[in-house]
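Below is one structure, written out as structure tokens; comments come after it.
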Amino acid sequence: MKIYTVESGNVIEGAKVDSFTLKGAGATIPAILVGEEGRGRRLGVLPVQLLPEKYKEWQEEGTVSIHSAEVGETRAGKPKLIESSGIADTEKCICVFRTRIGYRGANEHTGDRDGGTEKDFWGAEHPTFLPFPGEVLCEGIVAQGDAGRMGSGSQIVAVMPAGIVFRTGYSGRLYGEPPEHYYLFRDGQLLSATWEEREVAEIF
């Protein structure tokens with residue numbers, strides 16, 4: 001499967017594999033990291049089994065990028081990624097969501113708009129959404145403030161199906177940035193657009 005990094009509307013092919021040290025064992029492994037360490041935060045760790053050449057590069061540099069992988073299991077039965085050299089599967093892709101949060105805000109990962117609306121505490125109407133269509137492999141939490149109480153949100157790694165729209169949304173002070181982005185994996189490419197762009201261009 002192809003791997004993408006999704007940063008609040010910005011889609012980048014590939015994902016960064018960092019080094020993670022297992023405190024109990026004292027061993028360092030290659031892993032994709034999401035979220036943060038600290039109070040009110042959580043670091044999500046997804047181990048990656050690299051191809052021999054890439055593993056050697058990781059040993060020398062401490063970080064590498066990978067562009068395709070399959071999902072496997074650790075001995076404990078938890079998900080891990082196994083780097084692959086070819087990209088055969090166009091029915092799904094892997095997305096590393098490094099989703100932002102607004103100042104004193106939060107974020108969410110959902111499906112497309114479902115045509116409904118709901119009212120908030122102040123009586124304003126907002127669209128409602130379908131459930132998130134992805135299979136979450138790993139989740140971390142980012143936050144603001146010393147104890148994470150000013151705002152927090154999740155960052156995830158997920159397997160996303162082709163042909164189904166999904167969304168990242170952001171709340172809090174956004175300083176003019178869009179409050180959400182929509183995505184569609186189609187014909188081996190991951191497309192990204194705001195709601196306004198979808199209305200104008202009808203790209204999906």
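The working numbering puts the last residue of the sequence shown at 204; the count rises by one with no breaks. Cβ atoms here follow ideal geometry from the backbone N, Cα and C, with glycine treated the same way. Computed from a predicted model, the values in this text were never measured in an experiment.
query                                                                                               : result
Spatial distance of Arg113 from Pro127 (CA atoms)                                                   : 7 Å
8 Å Cβ shell around Gly40 - same chain, five flanking residues per side excluded                    : Ile141, Ala143, Gly145, Ala147, Gly148, Arg149 and Ser152
Residue environment, Thr5, which counts as buried when at least 16 other CB atoms sit within 10 Å   : buried
Residues that Thr110 bridges to, as DSSP identifies them                                            : Arg167
Proximity test, Cβ basis, 8 Å: Ala27 and chain B                                                    : Protein chain content of the structure displayed is limited to a single chain, and chain B is not contained in it.
Identity of the residue in Lys119, Glu7, Leu81 and Ile164 nearest Cys138 by Cα                      : Leu81
Option nearest Tyr175 by Cα separation, candidates Tyr103, Tyr183 and Thr74                         : Tyr103
Cutoff 8 Å; reference Pro161; Cβ partners in own chain excluding five residues on either side       : Glu91, Lys92, Pro133, Gly134 and Phe185
Distance between Glu83 and Val200 (C-alpha atoms, nearest Å)                                        : 38 Å
Nearest-angstrom Cβ-Cβ length linking Thr168 and Thr99, presumed shorter than 8 Å                   : 5 Å
Alpha-carbon to alpha-carbon, Leu46 and Asp120                                                      : 36 Å
Whole-number beta carbon distance between Met1 and Glu61, since they are thought to touch under 8 Å : With a Cβ gap of about 24 Å, Glu61 and Met1 do not count as contacting.
Buried or exposed (CB count within 10 angstroms, at least 16 for buried), Ile203                    : exposed
Beta-bridge partners of Phe97, as assigned by DSSP                                                  : Val6 and Ile156
Minimum C-alpha distance to Ile29 - residue among Val11, Tyr55, Gly9 and Pro131                     : Tyr55
Expected contact under 8 Å - CB spacing of Val159 and Val34 to nearest Å                            : Wrong, their Cβ atoms sit about 14 Å apart, outside the cutoff.
Beta strand (DSSP E) runs wholly inside the stretch 120–156, at least 3 long, in chain order        : 125–129 and 135–144
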